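Participant: My questions will all concern the structure given below.
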Amino acid sequence: MSSLPLAVARRRHRRGVRHTLDVRVSPYAYVAPFLLLFCAFGLFPLAYTAWVSLHDWTLLSDEHAFVGAANYATLLADGYFWNAVFNTLSIGVLSTAPQLVLAIWLAHLLNRPLRFQTLFRVSLLLPNVTSVVAVVVIFSQLFGRDFGLINWVLSWFGAGAVDWAAGTATSHVALSTMIMWRWTGYNALIFLAAMQAVPRELYEAATLDGASGFTQLRRITLPMIRPTIVFVVVVSTIGAMQIIAEPLLFSASTGAGGVGASGGPDRQYQTLALFVYEQGFTKFDFGYAAAASWLMFVAVVLVAGINYLITRRMRGGLA
Amino acid sequence: MRLRYLTLVAVVFFSAFPLYYSVVVASRHNSALAQVPPPLLPGGNFFANVSRVFDTVPFALALLNSVLVAGSISVAVMFLSTLAGFAFAKLRFRGRNALLLVTVATMTVPAQLGIIPLYLLMVKLEWTGTMYALVVPALVNAFGVFFMTQFLSRALPGELLEAGRVDGCTTWGLFWHVVLPVARPAAAVLGMLTFMSAWNDYFWPLVVLTPDNPTVQVALSTLASGYVNDYVLGLAGTAVGTLPLVLVFALFGRQIIGGIMQGAVKG
Numbered sequence: 001m002s003s004l005p006l007a008v009a010r011r012r013h014r015r016g017v018r019h020t021l022d023v024r025v026s027p028y029a030y031v032a033p034f035l036l037l038f039c040a041f042g043l044f045p046l047a048y049t050a051w052v053s054l055h056d057w058t059l060l061s062d063e064h065a066f067v068g069a070a071n072y073a074t075l076l077a078d079g080y081f082w083n084a085v086f087n088t089l090s091i092g093v094l095s096t097a098p099q100l101v102l103a104i105w106l107a108h109l110l111n112r113p114l115r116f117q118t119l120f121r122v123s124l125l126l127p128n129v130t131s132v133v134a135v136v137v138i139f140s141q142l143f144g145r146d147f148g149l150i151n152w153v154l155s156w157f158g159a160g161a162v163d164w165a166a167g168t169a170t171s172h173v174a175l176s177t178m179i180m181w182r183w184t185g186y187n188a189l190i191f192l193a194a195m196q197a198v199p200r201e202l203y204e205a206a207t208l209d210g211a212s213g214f215t216q217l218r219r220i221t222l223p224m225i226r227p228t229i230v231f232v233v234v235v236s237t238i239g240a241m242q243i244i245a246e247p248l249l250f251s252a253s254t255g256a257g258g259v260g261a262s263g264g265p266d267r268q269y270q271t272l273a274l275f276v277y278e279q280g281f282t283k284f285d286f287g288y289a290a291a292a293s294w295l296m297f298v299a300v301v302l303v304a305g306i307n308y309l310i311t312r313r314m315r316g317g318l319a
Numbered sequence: 320m321r322l323r324y325l326t327l328v329a330v331v332f333f334s335a336f337p338l339y340y341s342v343v344v345a346s347r348h349n350s351a352l353a354q355v356p357p358p359l360l361p362g363g364n365f366f367a368n369v370s371r372v373f374d375t376v377p378f379a380l381a382l383l384n385s386v387l388v389a390g391s392i393s394v395a396v397m398f399l400s401t402l403a404g405f406a407f408a409k410l411r412f413r414g415r416n417a418l419l420l421v422t423v424a425t426m427t428v429p430a431q432l433g434i435i436p437l438y439l440l441m442v443k444l445e446w447t448g449t450m451y452a453l454v455v456p457a458l459v460n461a462f463g464v465f466f467m468t469q470f471l472s473r474a475l476p477g478e479l480l481e482a483g484r485v486d487g488c489t490t491w492g493l494f495w496h497v498v499l500p501v502a503r504p505a506a507a508v509l510g511m512l513t514f515m516s517a518w519n520d521y522f523w524p525l526v527v528l529t530p531d532n533p534t535v536q537v538a539l540s541t542l543a544s545g546y547v548n549d550y551v552l553g554l555a556g557t558a559v560g561t562l563p564l565v566l567v568f569a570l571f572g573r574q575i576i577g578g579i580m581q582g583a584v585k586g
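As given, the protein sequences belong to chains P and D, one line each in that order. All residue numbers for the first sequence refer to this note's numbering, where the first residue is 1 and numbers rise by one. All residue numbers for the second sequence refer to this note's numbering, where the first residue is 320 and numbers rise by one.
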């Protein structure tokens, strides 16, 4: 074995320049496909959005007049824009808050030696494998006014037929249910992964001290997995601020007919992302839509940032 | 203890029931839906409804398109992410940390921010209405690169690479003979996750494609957004479009879940 370094040196010397080139330059070649594609289809569109938003840019004319911040000014005075902001926040809170509490609780239940562990995990993720389109089509049927299963079940308790898609509150509840169904299990698995990294001894000591399961969850688990909670809260917030497919399909498949970009006849569930889609791809007002995209981005950063600060400060006992 | 099992059984029920019920509706006739109480068991109309799906929209073409798009994206993502992940995890070069940081940072930028220019770009390239518009931008992504970087920096021993160097491997030789075999399990998980998300992708295909050359999801949304509410038709299509994925998931669920949970701890 002692002759090994010598052999290495000899070989390296023999190959000389070509070897140096290989070691110094080839790493760039390996990351190049990623970086090039990323710049072309990731970074460039982001920067270009800002450029487009400063112009009067429609599909109809080839001239794109520079208008400065005019698109932004119009947006801030646009009632439909603020309606979309409200709907996004409302659906976001309704879908995310209960979902995360439920996900933590489910992860807590699974974080013990259990039979059928794999079965439980697979069925938790099953909704997440289902496509958005499938989810909305299925739930639109379940939430149907006349023959939906949910109204049928509610009628056992004496409730009348609810027209879920028609009202603001009811449509937000219906959409939030779809989002929750699709993402709760996924987040539960992420929490479960974090919980499994918590040292067992902590729980054993707590059990000896007579702490109940719920106390252990509050005093040990939650503080220990706080980084993961922060991560999931931020990721879920970013996702919730961009909801589009659910409302877009919901209005299409609940009989409103045709394009669903308005988010219901009274815009009762048009989200921000759907507003951008309506301006960009049904009215082809790209400048206005691009400006709306940027404001949406600002909103995402703001809300995600606020949630980040709140979750980070939260002490275990609060949750 | 008993309460825990009861709760979890309830979770299994709520996860599976909507899917089950969609099959029930898909196998019935439209008139059966108006019954009170609603039907809770599958009927015998499933194949008739499915053939109606194929008559209403170009569903065979949609299935073919989806298989090709999701398949080629998965292969490309697996390969290019492993390539870049190897460089980020194990090779030393100037600017490595800065580039890695940028990669991670972009994972938090909402994808929809760039959708207008991306569309304009596709118009310029004359790729609208074609599968290029779906495949090319998705050939590699920040998540995949990050995922493989994490895995390789943990699972690939430095000694193995040094031994390869001693044996006279070039960097490419190392990648081919040492890195790829080690990366295979993680790359497989990444491939399955990518396939599922490419198969389920809806919004971007809706924007750039036309109803006469759709993917499965675009075809399904066409089915669901008719002027007449034909739930049976929509759900029969949904069943056929979702089934392949549920099968893949049933077969490899354990590995997929492992991959998600591993990625999560690192994140």
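Backbone N, C-alpha and C fix where the C-beta goes; we use that ideal spot for every residue, glycine too. Note that the structure is a prediction, hence the values are computed from the model and not measured.
Strictly below 7 Å CB to CB, what residues from chain C border P:T49?
Facilitator: This model lacks chain C altogether, as its protein chains are P and D.
Participant: Straight-line CA distance for D:L440 to D:F398?
Facilitator: Translated into positions along the second sequence, residue 440 of chain D becomes position 121. Translated into positions along the second sequence, residue 398 of chain D becomes position 79. Their Cα atoms are separated by approximately 26 Å.
Participant: Against P:T130, what residues of chain D qualify as contacts under a CB-to-CB distance less than 7 Å, listed in chain order?
Facilitator: The residue given as residue 130 of chain P occupies position 130 in the first sequence. Ordered by position in chain D, the residues that pass the 7 Å Cβ test against P:T130 are L338 and T561.
Participant: According to DSSP, is P:G257 helix, strand or coil?
Facilitator: Reading the first sequence from its first residue, position 257 is the one you call residue 257 of chain P. Low confidence applies to P:G257: its pLDDT is 47, below 50, so where it sits in the model is not reliable, and the reading given next is rough at best. The answer is coil: DSSP assigns P:G257 none of H, G, I, E or B.
Participant: So, under 8 Å CB-CB, P:E278 and P:A252 are touching, yes? Tell me the CB distance rounded to an integer number of Å.
Facilitator: Sequence index remark: in the first sequence, residue 278 of chain P carries index 278 (1-based). Sequence index remark: in the first sequence, residue 252 of chain P carries index 252 (1-based). Not confirmed; about 13 Å, so no contact.
Participant: Spatial neighbours of P:L75 within its chain, please: C-beta separation below 8 Å, excluding the five flanking residues on both sides.
Facilitator: Residue numbering aside, residue 75 of chain P sits at position 75 when the first sequence is read from its first letter. Hits under 8 Å: F81, Y288, A291, A292 and L295.
Participant: Taking contact to mean 3 or more Cβ pairs, one atom from each stretch, closer than 8 Å, check whether the segment 57–76 of chain P and the segment 298–313 of chain P are in contact.
Facilitator: Contact between the segment 57–76 of chain P and the segment 298–313 of chain P is absent, because fewer than three Cβ pairs lie under 8 Å.
Participant: If you measure from the beta carbon of D:S540 to each beta carbon in chain P, is any gap under 9 Å?
Facilitator: Indexing the second sequence from 1 puts residue 540 of chain D at position 221. Answer yes: the Cβ-Cβ gap between D:S540 and chain P drops below 9 Å somewhere.
Participant: So the alpha helix (DSSP H) D:M511 belongs to, where does it begin and stop?
Facilitator: Your numbering for residue 511 of chain D matches position 192 in the second sequence. Unbroken alpha helix (DSSP H) run through D:M511: L499 to N519.
Participant: Give the residues from the segment 466–495 of chain D that approach chain P closer than 8 Å (Cβ to any Cβ), ordered along the chain.
Facilitator: Cβ contacts with chain P: R484, V485, G487, T489, T490, W491 and F494.
Participant: Under DSSP, the alpha helix (DSSP H) around D:Y340 begins and ends at which residues?
Facilitator: On the second sequence, residue 340 of chain D is found 21 positions in, with the first residue counted as 1. Start and end: R321 to A345.
Participant: According to DSSP, P:A205 sits in a beta bridge with which residue or residues?
Facilitator: Translated into positions along the first sequence, residue 205 of chain P becomes position 205. The partner list for P:A205 (beta bridge, DSSP) is empty, contrary to what the question assumes.
Participant: Have a look at the DSSP bridge pairing and note the partners of P:A65.
Facilitator: For the purposes of this step, residue 65 of chain P is taken as residue 65 along the first sequence, with counting starting at 1. In DSSP, P:A65 forms a bridge with P:D56.
Participant: Out of curiosity, what's the CA-to-CA distance linking D:V501 and D:N416?
Facilitator: Here residue 501 of chain D is taken as the residue at index 182 of the second sequence, counted from 1. Here residue 416 of chain D is taken as the residue at index 97 of the second sequence, counted from 1. When rounded, the distance between both Cα atoms is 23 Å.
Participant: Locate the alpha helix (DSSP H) running through D:W523, then write down its first and last residues.
Facilitator: Residue mapping note: residue 523 of chain D aligns to position 204 of the second sequence, counting from 1. First-last of the alpha helix (DSSP H) with D:W523: F522 to V527.
Participant: Looking at C-alpha atoms only, which residue of D:L554, D:N519 and D:N532 is the closest neighbour of D:G390?
Facilitator: Locating residue 390 of chain D in the second sequence gives position 71, counting from the first residue. If we check each option's Cα against that of D:G390, D:N519 comes out closest.
Participant: For P:D266, does the three-state DSSP call read helix, strand or coil?
Facilitator: Here residue 266 of chain P refers to the residue found at position 266 when the first sequence is read from its first residue. The answer is coil: DSSP assigns P:D266 none of H, G, I, E or B.
Participant: Hey, out of P:D146, P:T237, P:S53 and P:D266, whose CA is closest to D:S350's CA?
Facilitator: The residue you call residue 350 of chain D lines up with position 31 of the second sequence. When each option's Cα is compared against that of D:S350, the closest is P:D146.
Participant: Give the list of continuous alpha helix (DSSP H) stretches no shorter than 4 residues that lie fully inside the segment 393–478 of chain D.
Facilitator: DSSP runs (the alpha helix (DSSP H)) wholly in the segment 393–478 of chain D: 415–425, 434–444, 451–454 and 461–474.
Participant: Can you list, in chain order, the residues of its chain whose CB lies under 8 Å from that of D:F571, leaving out five sequence neighbours each side?
Facilitator: Here residue 571 of chain D is taken as the residue at index 252 of the second sequence, counted from 1. For D:F571, where only same-chain residues beyond five positions count, the Cβ hits under 8 Å are M511.
Participant: Please check the pair D:A558 and D:L475, which I expect to be a contact at CB under 8 Å, by giving their CB distance rounded to whole angstroms.
Facilitator: On the second sequence, residue 558 of chain D is found 239 positions in, with the first residue counted as 1. On the second sequence, residue 475 of chain D is found 156 positions in, with the first residue counted as 1. About 42 Å separates the two Cβ atoms, so there is no contact after all.
Participant: Does the segment 156–168 of chain P come into contact with the segment 367–376 of chain D, if we say contact requires no fewer than three beta-carbon pairs (one atom in each stretch) closer than 8 Å?
Facilitator: Flag = no, the segment 156–168 of chain P and the segment 367–376 of chain D do not touch.
Participant: Say whether chain D places a C-beta atom closer than 9 Å to the C-beta of P:V320.
Facilitator: As displayed, chain P neither begins before 1 nor continues past 319, which places residue 320 of chain P out of reach and without an answer.
Participant: Between which two residues does the alpha helix (DSSP H) holding P:P127 run?
Facilitator: Walking along the first sequence from the start, residue 127 of chain P turns up at place 127. Run containing P:P127: Q117 to V129, per the alpha helix (DSSP H) assignment.
Participant: What residues in the segment 322–353 of chain D bring their beta carbon closer than 7 Å to a beta carbon of chain P?
Facilitator: The residues in question are R323, T326, L327, V330, V331, S334, A335, P337, L338, Y340, S341, V344, L352 and A353.
Participant: Give me the residue from D:L410, D:V526 and D:L458 with the minimum Cα distance to P:L37.
Facilitator: On the first sequence, position 37 is the one that residue 37 of chain P refers to. Checked all of D:L410, D:V526 and D:L458; the closest Cα to P:L37 is D:L458.
Participant: Between which two residues does the alpha helix (DSSP H) harbouring D:D374 extend?
Facilitator: Here residue 374 of chain D is taken as the residue at index 55 of the second sequence, counted from 1. Where D:D374 is concerned, the enclosing alpha helix (DSSP H) stretches over F365 to T375.
Participant: For the segment 373–388 of chain D, enumerate the residues whose C-beta is nearer than 8 Å to any C-beta of chain P, in chain order.
Facilitator: Residues: none.
Participant: When the distance is taken between beta carbons, is D:V454 closer than 9 Å to D:V526?
Facilitator: Translated into positions along the second sequence, residue 526 of chain D becomes position 207. Translated into positions along the second sequence, residue 454 of chain D becomes position 135. Their beta carbons are not under 9 Å apart, which means D:V526 does not touch D:V454 by this criterion.
Participant: Assuming D:V535 and D:A335 make a contact with CB atoms under 8 Å, what is their CB distance in whole Å?
Facilitator: As a working note, residue 535 of chain D is residue 216 in the second sequence. As a working note, residue 335 of chain D is residue 16 in the second sequence. That pair is no contact at about 22 Å.
Participant: Using only the alpha-carbon positions, how far apart do D:V508 and D:F405 sit?
Facilitator: Residue numbering aside, residue 508 of chain D sits at position 189 when the second sequence is read from its first letter. Residue numbering aside, residue 405 of chain D sits at position 86 when the second sequence is read from its first letter. Their Cα atoms are separated by approximately 17 Å.
Participant: Would you mind reading off the limits of the alpha helix (DSSP H) that contains D:S540?
Facilitator: Locating residue 540 of chain D in the second sequence gives position 221, where the first residue counts as 1. It spans V535 to A543 - the alpha helix (DSSP H) in which D:S540 sits, taken as one unbroken run.
Participant: Report the start-end ranges of each beta strand (DSSP E) in the segment 226–254 of chain P that is 3 residues or longer and not cut off at the edges.
Facilitator: Counting whole runs of 3 or more residues, the segment 226–254 of chain P contains no beta strand (DSSP E) stretch at all.
Participant: Going along the chain, which unbroken runs of the alpha helix (DSSP H) with 4 or more residues stay wholly within the segment 153–200 of chain P?
Facilitator: Listed in chain order, the complete alpha helix (DSSP H) runs (minimum 4 residues) inside the segment 153–200 of chain P are 168–196.
Participant: Along chain P, in chain order, which residues have C-beta atoms closer than 7 Å to that of D:Y521?
Facilitator: The sequence position of residue 521 of chain D within the second sequence is 202, counting from 1. S131, V132, V133 and A245, listed in chain order.
Participant: Out of curiosity, what's the CA-to-CA distance linking P:S153 and P:L272?
Facilitator: Walking along the first sequence from the start, residue 153 of chain P turns up at place 153. Walking along the first sequence from the start, residue 272 of chain P turns up at place 272. Sequence check: residue 153 of chain P is Val here, not Ser. Spanning the two alpha carbons is a distance of roughly 33 Å.
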